[in-house]
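The structure under discussion appears below in the form of structure tokens.
Protein chains in written order, with this note's numbering: chain B, 684 to 798; chain H, 255 to 363.
Quick look at the structure:
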């Protein structure tokens, strides 16, 4: 089982460039999430999608857009990258509708540096 | 004040010691997630619980919803347990999680 797959694993961008981080899950989960992890801080929610066709802002959405392409895929786009967006990005999925104790499953992360 | 507080922030133990990591939160929750993150970054789910106690191998997690507190215990700790342990409550009525900053555990042989 692949679980949650993120691409790319590493990326270096110049300020102002754009890019899309891809995430796909094969567990038929309804909910998908994008987080960023910065030193000394807990994971922070950028955007989430409770189900196919819906997306909602999280704690730190500025500078990002998302697309829930279908049930499997949830992409995160940086339209004009800024050095403050240097971070490690994690995608996760879960299906809390299947039971209150359904856990989140995480991808391996994307390490993004903006120069 | 952070909505999720973990203690201690850092912990060094000798192999074989019993370890406790605490998590307190200030919001209403439906369940709480304990996660493990090894150097190199991958995040693994350890437990998701909404009441009582769960056990998996040498790991035990407990939660008291009324007291807004959860603990993660590691019995007979081993150097391979060295990692960051993260508490992440799921807020009531949503599918959203809030994350503690983690407890960095180092177990010495």
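From the three backbone atoms N, C-alpha and C, an ideal C-beta is built for every residue, glycine too.
- Query: How about residue 783 of chain B and residue 342 of chain H: do their beta carbons lie closer than 7 Å?
  - Reply: Indexing the first chain from 1 puts residue 783 of chain B at position 100. Indexing the second chain from 1 puts residue 342 of chain H at position 88. The answer is no: Cβ separation not under 7 Å.
- Item | Distance, residue 763 of chain B Cα to residue 266 of chain H Cα | Sequence index remark: in the second chain, residue 266 of chain H carries index 12 (1-based). Sequence index remark: in the first chain, residue 763 of chain B carries index 80 (1-based). Their Cα atoms are separated by approximately 42 Å.
- Does any C-beta atom of chain H lie closer than 7 Å to the C-beta of residue 704 of chain B? Within the first chain, residue 704 of chain B is the residue found at index 21, counting from 1. Chain H contact via Cβ: absent.
- Please name the residue in H:350, H:362 and H:356 whose C-alpha comes closest to that of residue 715 of chain B. Along the first chain, one-based indexing puts residue 715 of chain B at 32. Checking every option, the nearest Cα to that of residue 715 of chain B belongs to H:350.
- By how many angstroms is the C-alpha of residue 296 of chain H removed from the C-alpha of residue 771 of chain B? Position 88 of the first chain holds residue 771 of chain B. Position 42 of the second chain holds residue 296 of chain H. Each residue's Cα considered, the two are about 11 Å apart.
- Determine whether the Cβ of residue 765 of chain B lies closer than 7 Å to any Cβ atom of chain H. For this step, residue 765 of chain B is matched to residue 82 along the first chain. It does not; no Cβ of chain H falls within 7 Å.
- Measuring alpha carbon to alpha carbon, tell me which of H:321, H:347, H:287 and H:272 ends up nearest residue 327 of chain H. What you label residue 327 of chain H is simply residue 73 of the second chain in a count that begins at 1. Closest by alpha carbon: H:272.
- Query: Per the contact definition of three or more C-beta pairs closer than 8 Å, is the stretch 750 to 765 of chain B in contact with the stretch 707 to 714 of chain B?
  - Reply: yes
- Task: Could you pull out every residue in the same chain whose Cβ sits closer than 8 Å to the Cβ of residue 788 of chain B, ignoring the five residues on either side in sequence?
- Result: Locating residue 788 of chain B in the first chain gives position 105, where the first residue counts as 1. Once the five neighbours on either side are set aside, the close Cβ partners of residue 788 of chain B are 686, 687, 708, 710, 712, 775, 776 and 777.
- Of all the CB atoms in chain H, is at least one closer than 7 Å to the CB of residue 759 of chain B? Locating residue 759 of chain B in the first chain gives position 76, where the first residue counts as 1. Not closer than 7 Å to any Cβ of chain H, the Cβ of residue 759 of chain B fails to qualify, so no.
- Min CB distance residue 297 of chain H to chain B below 7 Å: By 1-based counting over the second chain, the position of residue 297 of chain H is 43. Residue 297 of chain H counts as touching chain B.
- Establish whether the CB of residue 267 of chain H and some CB of chain B are separated by less than 7 Å. Taking the first residue of the second chain as position 1, residue 267 of chain H is located at position 13. No - not a single Cβ of chain B is within 7 Å of the one on residue 267 of chain H.
- Within the chosen definition, does the stretch 302 to 309 of chain H reach the stretch 345 to 362 of chain H through at least 3 CB pairs nearer than 8 Å? no
- Where the beta strand (DSSP E) through residue 760 of chain B begins and ends: Counting from 1 along the first chain, the entry for residue 760 of chain B is found at position 77. 757 to 761 is the extent of the beta strand (DSSP E) around residue 760 of chain B.
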